[in-house]
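The structure under discussion appears below in the form of structure tokens.
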Amino acid sequence: MNAFNLLKRFDALRRGPHMDRQFDHICDWIFDLDNCLYPASTGLFSLIDERMGAYIERLLGCSPEEAKRVQKAHFHQHGTTLAGLMQEHGIDPHEFLEDVHDIPLDRIRADERLGRLLPRLPGRRFVFTNGDAPYARRVLEAIGVTDHFDDLHDIHASSYRPKPDPHGYALMCERFCIDPKHALLADDMVQNLVPAKQLGMTTIWVDNGSERGNHGYDETVIDVRVADIGDWLESILGDDG
Ligand SMILES: [Mg+2]
4 MNAFNLLKRF DALRRGPHMD RQFDHICDWI FDLDNCLYPA STGLFSLIDE RMGAYIERLL
64 GCSPEEAKRV QKAHFHQHGT TLAGLMQEHG IDPHEFLEDV HDIPLDRIRA DERLGRLLPR
124 LPGRRFVFTN GDAPYARRVL EAIGVTDHFD DLHDIHASSY RPKPDPHGYA LMCERFCIDP
184 KHALLADDMV QNLVPAKQLG MTTIWVDNGS ERGNHGYDET VIDVRVADIG DWLESILGDD
244 G
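For any residue, its number in the working numbering is found by taking its place in the sequence shown, counting from 1, and adding 3.
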């Protein structure tokens, strides 16, 4: 028995007797951050969007309308605003990410239930985000779940190729020695589940009404559809607390 199977065996012993057997094979639990670990209704992303517009206004010395047009053009042509700004304007990604994520987090409430449920998941827990690590840590801190994650994989670690680009998924699996067949990804964007499913991961669609969350909807890439991450964790972990 290799070390991985030994670890799996050990983890299985930690599973509560009432935990949903559907997830017996899962050793690594991977969560998207924005609109997944907190509800889309907080509208946090609109604040980031506004700062991206303001950044482009300053960079190009243009009007808010022109900045918005450039922002959307980069988003459509390059997958993200950041990728377009890097390729066409040579901006520093660290400086850009730091600037656009400099938003107040007072819309995020501490989530005691998540804080209680996450540590009960048997195995490792990761955050996989298109944002940067300092911002992700601030958000996790605001929710009150920082200590319940083993590590996080951000946009720098994905070589600035955001989900759903398969590149970042491969880098994350390699970095943390994740076997996709024993891993699960929960994300509010259906399209982000596609590469995960292709790798063999179990997929959870957190269908909580986030913008373009159902873009590219394909039921074959969704194993489980839930409306709220906390409700779902509560339902699969049972009463073993
Ligand atoms: Mg998200």
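Using N, Cα and C, we set each Cβ at its ideal position, and we do this for glycine too.
Using three-state DSSP, classify THR83 as helix, strand or coil.
-> If you number the sequence shown from 1, residue 83 lands on position 80. Reduced to three states, the DSSP call for THR83 is coil.
Can you name, in chain order, every residue of its own chain whose Cβ lies under 8 Å from the Cβ of LEU121, other than the five neighbours on each side?
-> On the sequence shown, position 118 is the one that residue 121 refers to. Closer than 8 Å at Cβ, skipping near neighbours: ARG128, VAL148, HIS151, PHE152, LEU236.
Sequence-distant residues of its chain with Cβ nearer than 8 Å to ALA139 (five each side left out) | In the sequence shown, counting from the first residue as 1, residue 139 sits at position 136. Excluding residues within five positions, the ones whose Cβ falls inside 8 Å are LEU36, VAL130, THR132, LEU155, ASP157.
Three-way DSSP call (helix, strand, coil) for THR33 in this model | Locating residue 33 in the sequence shown gives position 30, where the first residue counts as 1. The residue you asked about is not Thr; residue 33 is Ile in the sequence shown. Reduced to three states, the DSSP call for ILE33 is strand.
So GLY233 packs on ARG116, CB below 8 Å; how close in whole Å?
-> Counted from its first residue, the sequence shown places residue 233 at position 230. Counted from its first residue, the sequence shown places residue 116 at position 113. Yes, they are in contact, since the Cβ atoms of GLY233 and ARG116 sit about 5 Å apart, within 8 Å.
What is the rounded straight-line gap between the Cα of LEU240 and the Cα of ALA199?
-> Here residue 240 is taken as the residue at index 237 of the sequence shown, counted from 1. Here residue 199 is taken as the residue at index 196 of the sequence shown, counted from 1. Their Cα atoms are separated by approximately 23 Å.
Can you name, in chain order, every residue of its own chain whose Cβ lies under 7 Å from the Cβ of LEU50, other than the five neighbours on each side?
-> Start at 1 with the first residue of the sequence shown, and residue 50 comes out as number 47. These residues qualify, in order along the chain: ILE106.
Nearest-residue set for ligand 1, Cβ under 5 Å from any heavy atom | ASP35, ASP37, ASN38, CYS39, ASP191
Backbone secondary structure at ILE207 - three-state DSSP = On the sequence shown, position 204 is the one that residue 207 refers to. Reduced to three states, the DSSP call for ILE207 is strand.
State the start and end residues of the unbroken beta strand (DSSP E) segment that holds ALA186.
-> The count along the sequence shown starts at 1 and reaches residue 186 at position 183. ALA186 -> beta strand (DSSP E) spans 186 to 190.
The beta strand (DSSP E) enclosing HIS156, as first and last residue numbers = Here residue 156 corresponds to residue number 153 of the sequence shown, with the count starting at 1. Taken as a continuous stretch (DSSP letters only), the beta strand (DSSP E) holding HIS156 covers 154 to 156.
What are the boundary residues of the alpha helix (DSSP H) that ARG127 is part of?
-> Counted from its first residue, the sequence shown places residue 127 at position 124. No alpha helix (DSSP H) holds ARG127; the beta strand (DSSP E) holding it covers 127 to 131.
Please report how far the alpha carbon of TRP208 lies from the alpha carbon of TYR41, in whole angstroms.
-> Along the sequence shown, one-based indexing puts residue 208 at 205. Along the sequence shown, one-based indexing puts residue 41 at 38. Spanning the two alpha carbons is a distance of roughly 14 Å.
Check each candidate in SER213, VAL193, ASN211 and name the one with the smallest Cα separation from THR223.
-> Residue numbering aside, residue 223 sits at position 220 when the sequence shown is read from its first letter. Of the listed residues, the one whose Cα sits closest to THR223 is VAL193.
Near VAL227, which residues of its chain fall below 6 Å by C-beta distance, leaving aside the five closest residues on each side in sequence?
-> Counted from its first residue, the sequence shown places residue 227 at position 224. Closer than 6 Å at Cβ, skipping near neighbours: ILE207.
Based on Cα-Cα distance, which residue from ALA86, ASP52, GLY126 lies nearest to PHE26?
-> Position 23 of the sequence shown holds residue 26. Ranking ALA86, ASP52, GLY126 by Cα distance to PHE26 puts GLY126 first.
If we ignore side chains and look at the alpha-carbon of each, how far apart do SER162 and PHE99 end up?
-> In the sequence shown, counting from the first residue as 1, residue 162 sits at position 159. In the sequence shown, counting from the first residue as 1, residue 99 sits at position 96. C-alpha separation (whole angstroms): 15 Å.
Assign VAL227 to one of three DSSP states: helix, strand, or coil.
-> In the sequence shown, residue 227 corresponds to position 224, counting from 1. Looking at VAL227 - three-state DSSP - the assignment turns out to be strand.
Check whether the Cβ atoms of PRO183 and CYS176 lie closer than 8 Å to each other.
-> Looking up residue 183 in the sequence shown gives position 180. Looking up residue 176 in the sequence shown gives position 173. Cβ distance < 8 Å, so PRO183 and CYS176 count as in contact.
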